[in-house]
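The sequence shown lines up with residues 287 to 559 when you count with my numbering. In this text, a Cβ means the ideal position worked out from N, Cα and C, and glycines have one as well. Predicted model only: the values in this text are computed from it and were never measured.
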Amino acid sequence: MLKLDLDFFENVFLYKCCTDKGYLASTIDYTKKEFFKNRDNQHVFEIIKGFYDTRNELPNLTEIKQYCTNDVTKLSFKNVLTTFQTLDKTYNPDDLIANTEQFLKEKAVFHTLLDIASDVSKGNTDTSVILDKFEKSCNISLHTDVGLDLYGDIDKVISEILNVQEVIPSTWPWLDEQLNGGFLKNGRALYVFAGETNIGKSIFLGNIAANIAKQNKTVLLITLEMPEILYAKRICTNVSKIPMNSLHLETASLKSAINDLKRQHPKSRLLIK
287 MLKLDLDFFE NVFLYKCCTD KGYLASTIDY TKKEFFKNRD NQHVFEIIKG
337 FYDTRNELPN LTEIKQYCTN DVTKLSFKNV LTTFQTLDKT YNPDDLIANT
387 EQFLKEKAVF HTLLDIASDV SKGNTDTSVI LDKFEKSCNI SLHTDVGLDL
437 YGDIDKVISE ILNVQEVIPS TWPWLDEQLN GGFLKNGRAL YVFAGETNIG
487 KSIFLGNIAA NIAKQNKTVL LITLEMPEIL YAKRICTNVS KIPMNSLHLE
537 TASLKSAIND LKRQHPKSRL LIK
């Protein structure tokens, strides 16, 4: 991760808070005035936060100015405006969100450390509270994707409909027919295979994994119950056609079969976890 200049970025952060209601709404709950090292920024942010908390609106510059009721806040507002004039007002949206999250997390963690140090010095050492504070600081997220807007994104939907969906065949015709050719290559799908206990689901899925690996793919097989070695034995039987009970008698043939697969499909991998 690139190191962020927090002192400079707080100017960008405050500018966006002053000019973008959506940005302010998404960050205000995570932000404290102490996060701003610059006192001028602190004073202006307090005014913005107070206005937003009261009216749920972003104040314009005139409204901010009218709440500068003393020489200190008036000078702060003037200095902030001067700083704003030096900023490039165009930002990559993804980069802005990533930098904002980093800024808030680093500031939150730092001030959490200060709070904890103060609590510990007073004899307050509840580790569950300390852990909760750090988790809240580290888990700040500004991503609020609500999903696909069907009416607003209909062009995107049509474009996707017209795209030819590439698939990875299971190599079993009866299954590929049901899957419209195979598993979606882009991975945006979840396939559930259900059956009674001991009906052969694990063997079936292990065979699918082996068939897909033979197509120069990397396959990750995650097992929640069966040990890795036992799953490996079952797949070895499928690949080598050697019965599982005879694998220990034909290890040379098994190794030869696996090496043949590696030569025929040099990019393939089958991982069992």
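- With a cutoff of 9 Å on beta-carbon distance, Glu392 and Leu300 are scored as not near each other.
- Fewer than three beta-carbon pairs drawn from the segment 509-520 and the segment 470-485 are found closer than 8 Å, and the two stretches are therefore not classed as touching.
- If you look at Leu506, you'll find it in the beta strand (DSSP E) that goes Thr504 to Leu507.
- In this structure, Leu390 sits near Thr313, with a CB-CB distance shorter than 9 Å.
- Here Asn524 is not near Gly481, since their CB atoms are 9 Å or more apart.
- Note: Val453 is bridge-paired with Leu470 in the DSSP secondary-structure output.
- For Ile444, the enclosing alpha helix (DSSP H) covers residues Ile440 to Leu448.
- Beyond the five residues adjoining it in sequence on each side, His551 comes within less than 6 Å, by CB distance, of Lys500 and Asn502 in the same chain, given in chain order.
- Within the same chain, and ignoring the five residues on either side of Tyr517 in sequence, the residues whose Cβ sits closer than 8 Å to its Cβ are Ser488, Gly492, Leu507, Thr509 and Ile558.
- Annotated three-state conformation of Leu436 is coil, per DSSP.
- Note that the C-beta distance between Lys302 and Lys319 is not below 9 Å.
- Leu367: member of the alpha helix (DSSP H) spanning Asp357 to Gln371, first to last residue.
- In this structure, Ile402 places its C-beta atom within 9 Å of the C-beta atom of Lys419.
- In the three-state reduction of the DSSP assignment, Leu428 falls in the coil class, being assigned neither a helical nor a strand state.
- Assignment of Leu557 by DSSP, reduced to helix, strand and coil, places it in the strand class.
- A direct Cα-Cα distance of roughly 55 Å separates Asp412 from Ile544.
- Within the segment 483-546, the complete beta strand (DSSP E) runs of at least 3 residues fall at 504-507.
- The three-state reading of DSSP puts Cys354 in coil, since its state is none of H, G, I, E or B.
- By the C-beta density criterion, Asn449 is exposed, having fewer than 16 other C-beta atoms within 10 angstroms.
- Rounded to the nearest angstrom, the Cβ distance from Ser526 to Leu535 is 12 Å, too far for a contact under 8 Å.
- By the criterion of a C-beta distance shorter than 8 Å, Phe479 is surrounded in its chain by Lys487, Phe490 and Leu491, once the five residues flanking it on both sides are discounted.
- Only residues of its own chain outside the window of five on either side were considered, and among them Ile402 have a CB closer than 6 Å to the CB of Ile416, listed in chain order.
- Separation of the CB atoms of Ile494 and Ser456 is rounded to 5 Å, and the pair is thereby assigned contact status at 8 Å.
- With fewer than 16 other Cβ atoms from the protein chains shown falling within 10 Å of its own Cβ, Gly409 counts as exposed.
- Nearest in C-alpha terms to Tyr309, of all of Ser532, Cys354, Gln464 and Asp380, is Asp380.
- If the five residues before and after Val366 are omitted, its C-beta is found closer than 6 Å to the C-beta atoms of Asp326 and Val330, all from its own chain and listed in chain order.
- For Gly308, the enclosing alpha helix (DSSP H) starts and ends at Lys307 to Thr313.
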